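In the working numbering, the protein residues as written are 6 to 84.
All residues carry an ideal CB built from backbone N, CA and C; glycine is no exception.
Since this is a predicted model, take the numbers as computed values, not measurements.
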């Protein structure tokens with residue numbers, strides 16, 4: 006707790022940050038393992054593109070879902 010106060014970060018905020026970073030690191034390692042199993046050794050650039058595409062999908066999925074709902078109005082009552 007002393008180190009958190011010294012840095013000026015509240016313990017709950019720092020714990021949330023550590024948990025979020027651990028979750029993203031787990032996702033990245035898991036996805037990298039999946040990419041390596043589906044790519045050949047000569048397909049390095051394709052593997053890099055796959056990895057970053059998956060990482061961006063992880064970050065932007067909720068935004069795309071909301072845009073889809075607004076565009077198609079699947080939750081509104083029918084007229």
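If you follow the alpha helix (DSSP H) that residue i is part of, which residue opens it and which one closes it?
i	result
residue 76	49-77
residue 33	16-43
Output needed for residue i: all residues of its chain with C-beta closer than 6 Å, excluding positions within five of it in sequence on either side, in chain order.
i	result
residue 55	40
Is residue i close to the ligand GTP? I mean its beta-carbon at under 7 Å from any heavy atom of the ligand.
i	result
residue 57	With respect to small molecules bound, the structure shown includes none, and the ligand GTP cannot be examined in it.
Give every residue of the same chain whose Cβ lies closer than 7 Å to the Cβ of residue i, excluding the five residues on either side of it in the sequence, and list them in chain order.
i	result
residue 32	63
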